[in-house]
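Residue numbers (this note's numbering): 75 to 397.
A virtual CB, placed ideally from N, CA and C, is assigned to each residue, including glycine.
None of these values were measured; they are calculated from a predicted model.
Remarks on the structure that follows.
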Ligand SMILES: NC(=O)c1ccc[n+]([C@@H]2O[C@H](COP(=O)([O-])OP(=O)(O)OC[C@H]3O[C@@H](n4cnc5c(N)ncnc54)[C@H](OP(=O)(O)O)[C@@H]3O)[C@@H](O)[C@H]2O)c1
């Protein structure tokens, strides 16, 4: 089968398309014919070997001298083609979506143990649309539902509203939780963020939301470009600042500590709860959430997809099509 292999840490140039053996599922695993993957920040981390969190995380997740995950890709969507003897939750022909920390999603076939990281995909989405949900909506939901516990009457600001996580965050905050949503994005994305449901849009190239005197109950920094100190004056009395920027604990450590002693709080480090894939499927099938797809690259051009994502200007998700 065709797969994108990463034998050493480095730039996107290290990614190679190779023919490798098709995996055979164990008794507690399913074999999936994968039709789509989507680029997310951890794909770049695992490929580049960039230091994140602590040495332990690097050893366990990334690898020390060479990548632990030889086949790249974390988010997948495809069809179950065979199931191990002990698998009762899925059957041949099920169309699924999910995410794995073990790589292997940029390949025609992948074997996966049964756990909460795989779920039946929404009926009204293609494989490409479904895979976008995994790395986009899961962290958005972790931030808004689990960390900030947003509620209907609140004012919520999403910084980075045009990105892979931000586009889902706007829709979840507006269409699921019915909050008043302000999206922050660049000029070319203002109309898209309005269309996603934002009540107000701030163009970050023209206005600094931390200095305009507006107050929010929740500020979700979905692109990790701000910090708690800057945002404190824009938070209400018991306001919460949540950030995706868990790669940079040093930047936030002091702010996390100081937030313990104030009524305004900073929260971060949300990796997401994959059992939310079932909740998201319900919302998607009810028509509350859709995927925004920027570009679709064929498997053979995965390196170009990494380069495009790393440039930091994706509008929604960058997809790998595995035909
Ligand atoms: N904690 C987790 O579980 C988790 C999981 C995955 C990712 N992450 C982190 O989440 C972050 C976002 O990931 P992503 O994949 O959603 O990012 P992304 O799609 O690459 O975000 C790109 C978007 O951000 C916008 N943007 C750039 N600078 C901005 C600024 N200063 N203000 C407002 N918008 C700005 C860009 O718009 P313009 O082109 O107009 O600049 C672009 O549309 C990454 O930093 C990643 O490390 C965290």
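Proximity test, residue i beta-carbon vs ligand 1 heavy atom, cut-off 7 Å
{"i": "residue 319", "result": "yes"}
{"i": "residue 296", "result": "yes"}
{"i": "residue 380", "result": "no"}
{"i": "residue 330", "result": "no"}
{"i": "residue 237", "result": "yes"}
{"i": "residue 286", "result": "no"}
{"i": "residue 116", "result": "yes"}
{"i": "residue 259", "result": "yes"}
{"i": "residue 143", "result": "no"}
{"i": "residue 263", "result": "yes"}
{"i": "residue 222", "result": "no"}
{"i": "residue 198", "result": "no"}
{"i": "residue 313", "result": "no"}
{"i": "residue 371", "result": "no"}
{"i": "residue 206", "result": "no"}
{"i": "residue 123", "result": "no"}
{"i": "residue 172", "result": "no"}
{"i": "residue 383", "result": "yes"}
{"i": "residue 251", "result": "no"}
{"i": "residue 209", "result": "yes"}
{"i": "residue 274", "result": "no"}
{"i": "residue 213", "result": "yes"}
{"i": "residue 388", "result": "yes"}
{"i": "residue 278", "result": "yes"}
{"i": "residue 219", "result": "no"}
{"i": "residue 240", "result": "yes"}
{"i": "residue 234", "result": "yes"}
{"i": "residue 152", "result": "no"}
{"i": "residue 299", "result": "yes"}
{"i": "residue 177", "result": "no"}
{"i": "residue 30", "result": "Since the displayed the chain opens at 75 and closes at 397, residue 30 lies outside it and no answer follows."}
{"i": "residue 271", "result": "no"}
{"i": "residue 158", "result": "no"}
Secondary structure of residue i, DSSP reduced to three states
{"i": "residue 339", "result": "strand"}
{"i": "residue 266", "result": "helix"}
{"i": "residue 372", "result": "strand"}
{"i": "residue 213", "result": "helix"}
{"i": "residue 233", "result": "strand"}
{"i": "residue 180", "result": "coil"}
{"i": "residue 250", "result": "helix"}
{"i": "residue 140", "result": "coil"}
{"i": "residue 424", "result": "Only positions 75 to 397 of the chain appear in this structure, which leaves residue 424 out of reach."}
{"i": "residue 291", "result": "strand"}
{"i": "residue 156", "result": "strand"}
{"i": "residue 346", "result": "coil"}
{"i": "residue 223", "result": "coil"}
{"i": "residue 312", "result": "strand"}
{"i": "residue 285", "result": "helix"}
{"i": "residue 332", "result": "helix"}
{"i": "residue 169", "result": "strand"}
{"i": "residue 119", "result": "helix"}
{"i": "residue 206", "result": "helix"}
{"i": "residue 193", "result": "strand"}
{"i": "residue 145", "result": "strand"}
{"i": "residue 124", "result": "coil"}
{"i": "residue 161", "result": "coil"}
{"i": "residue 362", "result": "coil"}
{"i": "residue 242", "result": "helix"}
{"i": "residue 303", "result": "helix"}
{"i": "residue 201", "result": "helix"}
{"i": "residue 356", "result": "helix"}
Counterpart residues of residue i in DSSP-defined beta bridges
{"i": "residue 275", "result": "257"}
{"i": "residue 187", "result": "103"}
{"i": "residue 110", "result": "151 and 395"}
{"i": "residue 93", "result": "76"}
{"i": "residue 367", "result": "391"}
{"i": "residue 385", "result": "Residue 385 pairs with nothing; no bridge assigned."}
{"i": "residue 317", "result": "295 and 342"}
Between the stretch 213 to 224 and the stretch 367 to 384, do three or more beta carbon pairs fall short of 8 Å? At 8 Å Cβ cutoff, the stretches do not touch.
Are the stretch 248 to 260 and the stretch 185 to 202 touching, with three or more C-beta to C-beta distances below 8 Å? No, they do not touch.
Would you call the stretch 330 to 340 and the stretch 296 to 310 touching, i.e. three or more CB-CB distances under 8 Å? Taking a cut-off of 8 Å for Cβ pairs, the stretch 330 to 340 and the stretch 296 to 310 touch, as three or more such pairs fall below it.
Is the stretch 153 to 161 touching the stretch 374 to 384, taking contact as three or more C-beta pairs under 8 Å? No contact exists between the stretch 153 to 161 and the stretch 374 to 384.
Looking at C-beta atoms only, is the number of pairs between the stretch 231 to 239 and the stretch 141 to 150 that lie closer than 8 Å three or more? The stretch 231 to 239 makes no contact with the stretch 141 to 150; the number of CB pairs closer than 8 Å stays below 3.
How do the stretch 92 to 101 and the stretch 194 to 208 stand: do at least 3 beta-carbon pairs fall below 8 Å, yes or no? Because the criterion of three Cβ pairs below 8 Å is not met, the stretch 92 to 101 and the stretch 194 to 208 do not touch.
Do three or more CB pairs link the stretch 201 to 208 to the stretch 106 to 113 at distances below 8 Å? Taking 8 Å as the limit for Cβ pairs, the verdict is that the stretch 106 to 113 does touch the stretch 201 to 208.
For the 8 Å Cβ check, are there 3 or more pairs between the stretch 218 to 230 and the stretch 166 to 178? Too few Cβ pairs lie closer than 8 Å, so no.
Specify whether the stretch 305 to 320 and the stretch 334 to 353 touch according to this definition: at least 3 beta carbon pairs, one from each stretch, less than 8 Å apart. Yes, the stretch 305 to 320 is in contact with the stretch 334 to 353.
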